Structures are given as structure tokens and as C-alpha cells.
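In what follows, a single structure is set out as C-alpha cells and then discussed.
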Amino acid sequence: MALSPFLIWFILAIILFVMELVLPTAFMEATIGLSALIVAFLSFLIPSFSIQILLWMVLSILVVFLLRRYQPKRVPPVLQEPAEAETITRIPAGETGRVLYEGISWQARCDDPHLVIPEHQRVIVIGRQGTTLIVMPADAIQL
Numbered sequence: 001m002a003l004s005p006f007l008i009w010f011i012l013a014i015i016l017f018v019m020e021l022v023l024p025t026a027f028m029e030a031t032i033g034l035s036a037l038i039v040a041f042l043s044f045l046i047p048s049f050s051i052q053i054l055l056w057m058v059l060s061i062l063v064v065f066l067l068r069r070y071q072p073k074r075v076p077p078v079l080q081e082p083a084e085a086e087t088i089t090r091i092p093a094g095e096t097g098r099v100l101y102e103g104i105s106w107q108a109r110c111d112d113p114h115l116v117i118p119e120h121q122r123v124i125v126i127g128r129q130g131t132t133l134i135v136m137p138a139d140a141i142q143l
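Here the sequence shown stands for residues 1 to 143, where the numbers follow the working numbering.
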């Protein structure tokens, strides 16, 4: 038993909507699913499956770009004020090591590229670059 093009597109749309509920992808599956739903209803007017696929791809791109305009801009998280941490490993000069910050092990780098920080030393987290914390020894900083 062959499925009609409408059912194929409708099932694809439902699968993509369910995936959106499960995966944290900022509405990517939902926008592609919306395009599949539109193509499902247009499949009654457009009999060629290859044209339906082309239409689905074009609609997906258009919907993604149109909805991106309404998505709030991401502001990178910034540390509100310097916080304390403790080195787990030695942080060599100009390289990275590990610190324990808020109970979690983080990659860290000293703000002074010529300074070596030994392990088990109290440090102050003064910034963040991606997943790397920027630290300075607590005795080198006067807050």
C-alpha cells in the first residue's frame, strides 16, 4: 500500500515537530516541519514529488530566515562580579589548567600570560572566554 504525498509530508512534519520537543535546537526542526506541513497541503496542487521536495527546501530556508529576525539576540553570559575558585591542576604560564568553580571543574587560563599558578591555590575568576575561565591568583588581586 503506497502512501499519498500528503501523508508522507504530514508524517514528516509530525516527526519534525516531535523532534523539536525532544532536541534543544532553537526551533530548527519546527521551522522545517512547518515547511513540510505547508508542502503537505500544496501536494494536492503540485503532483510532481521532485518539485514538492524542491519547494520544501526553499520554504525551509525562507521560514528559517524569516523567523530568525524575530528571535531575540543572544547576549553572551558575563560574570557579574569576580568570584573565587580553587585550582585543581597547575596552570602553566600562557596555558590552561583546571579550576573548581561553583562545584564544577572548568578549564582555566591565567590573565597574566607570564604567571604560573600552582595547584590547590585560591584564585579569582575575572572573566570568561567560551568555556575557559580567566583567573588570577587571589593574592595578586586586591578587590
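Yeah, the Cβ is synthetic: ideal placement off N, Cα and C, and Gly gets one too. Fair warning: this is a prediction, and the values are worked out from it, not measured in the lab.
Residue i (DSSP reduced to helix, strand or coil)
i    : result
S48  : coil
V18  : helix
T96  : strand
T132 : strand
I61  : helix
I88  : coil
A13  : helix
R69  : coil
I53  : helix
Range covered by the beta strand (DSSP E) that runs through residue i
i    : result
S4   : First-last for S4: undefined, no H or E at that position.
A108 : I104 to C110
Exposure label - residue i; buried when at least 16 CB within 10 Å
i    : result
L59  : buried
I163 : Residue 163 lies beyond the residue range present for the chain, which begins at 1 and ends at 143; the question has no answer from this structure.
G33  : buried
L133 : buried
A13  : buried
V18  : exposed
S105 : exposed
S35  : buried
Inter-residue Cα distance where the pair is residue i and residue j
i   : j   : result
A40 : I11 : 9 Å
R98 : P82 : 17 Å
Y70 : M28 : 14 Å
Span of the alpha helix (DSSP H), counted from its first residue to its last, around residue i
i   : result
A40 : M28 to L42
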